[in-house]
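**Student:** One structure, pasted below without further comment.
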Amino acid sequence: MTDTLRNTLVEAGRILASEGQGDYVAGHITVRLPDQPNRFLMKPAGIGIEEMTRDNIITCDIEGGKVEGAMPRHNEVFIHSEILRARPDIACVIHTHAPHAVAFSSLGKPLLPVGNDGIYFHNRLPVFSETTDLIIDQTRGKAVAGCLGPNQALLLRNHGVVTAASSIEEAVWVALKLEKACKVQLMAEWAGGPKLTAHTADIEPKNKRANRGDLHVNVFNYLARCCARLYR
Ligand SMILES: [Zn+2]
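Each residue of the sequence shown is one higher than the last, beginning at 0 in numbering that gives the first Met the number 0.
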């Protein structure tokens, strides 16, 4: 089971980097261990998110301490530990410095249903603005978890994104959708600002169709195949 999770984590890192969410050695992803819910696997510090291997992934506990692995842990571990503590339904947490999302967060505007991705976050994208600094202690980690609430994603203003889901595949999918939604709205902003958005009556049915539950696995597997060609 752990081997499967480690393999999927490695694939997730490659997908996030290939989709423009790597930031040199910054950004991280974690997955809760099913048989030890107070522990989780994490990308180690000091390497790119696409450089994870089954062997260099570290294990941390719910207090944010490293309990296994040779490589160092990220000082922002508390984003992960506190969301996993607050949300038993969540298995995977991702934090990246997705550039369009960071730029969009500086506008101080709500994310609008400009395209298919934007509707996914309609009225459920909190923005964490308590600090624009890194999240390097439990207090700030708890504040981020509180800001996330029952949602799957938030913007860390002037910093990055956080996504959380019940599987690695879904958390990756949400991170990719959020970056794309921010990019599309930024493009509309560059052209004078969006004047038309999805009809309110379309949002719910369109969201169900464009964001079906099986899509995240299909998209993840497709991108993993693309990455396998890149990294072979
Ligand atoms: Zn960060």
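C-beta: ideal position from N, C-alpha, C; glycine also. Fair warning: this is a prediction, and the values are worked out from it, not measured in the lab.
1. Provide the residue(s) that pair with ILE89 in DSSP beta bridges, ordered along the chain.
2. Is it the case that the Cβ atoms of HIS94 and HIS198 are separated by a distance below 8 Å?
3. Hey, LEU40 and ILE14: beta-carbon distance below 8 Å or not?
4. Among all the DSSP beta bridges, which residues are the ones paired with LEU110?
5. If LEU83 and MET51 are in contact, beta carbons under 8 Å, what's the gap, nearest whole angstrom?
6. Per DSSP, which residues does GLU67 bridge with? Please list them.
7. Please name the residue or residues paired with ARG31 in a DSSP beta bridge.
8. Just to check my reading of the structure: HIS96 and ASP22 have Cβ atoms closer than 8 Å, yes? What is that Cβ distance to the nearest angstrom?
9. Considering only C-alpha positions, which residue in the set LYS42, HIS73, LEU177 is nearest to PHE103?
10. Classify LEU222: buried if its beta carbon has 16 or more other beta carbons within 10 angstroms, exposed otherwise.
11. CA-CA distance, ARG224 and PRO112?
12. Leaving out five residues before and five after THR196 in sequence, what residues of the same chain have Cβ atoms less than 7 Å from its Cβ?
13. Rank ASP88, PHE77, ALA227 by C-alpha distance to the C-alpha of ALA170 and give the top, closest one.
14. According to the Cβ coordinates, are ARG38 and ALA163 closer than 8 Å?
15. VAL24 lies in the beta strand (DSSP E); which residues open and close that run?
16. Per the contact definition of three or more C-beta pairs closer than 8 Å, is the stretch 183–192 in contact with the stretch 132–152?
17. Verify whether the separation of the beta carbon atoms of ASN92 and VAL161 is less than 8 Å.
18. Check LEU195 in the structure and name its three-state DSSP category.
19. Going by DSSP, which residues form a beta bridge with GLY159?
20. Compute the distance between the beta-carbons of VAL2 and ARG53, then report whether it is under 8 Å.
21. Pull up the DSSP beta-bridge partners for HIS94, would you.
**Tutor:** In terms of the structure at hand:
1. For ILE89, which the question treats as bridged, DSSP gives no partner whatsoever.
2. no
3. no
4. Answer is none; LEU110 lacks a bridge partner.
5. Contact doesn't hold; Cβ gap of about 19 Å is too wide.
6. THR58
7. PHE39
8. 4 Å
9. LEU177
10. buried
11. 30 Å
12. LEU111, PRO112, VAL113
13. ASP88
14. no
15. Taken as a continuous stretch (DSSP letters only), VAL24 belongs to no beta strand (DSSP E), as it is neither H nor E.
16. no
17. Here residue 92 turns out to be Val, not Asn, going by the sequence shown. Yes, these two residues count as a Cβ contact at 8 Å.
18. coil
19. LEU155
20. Sequence inspection shows Asp at residue 2; the Val mentioned does not correspond to that position. Contact flag set, yes.
21. HIS27, VAL161
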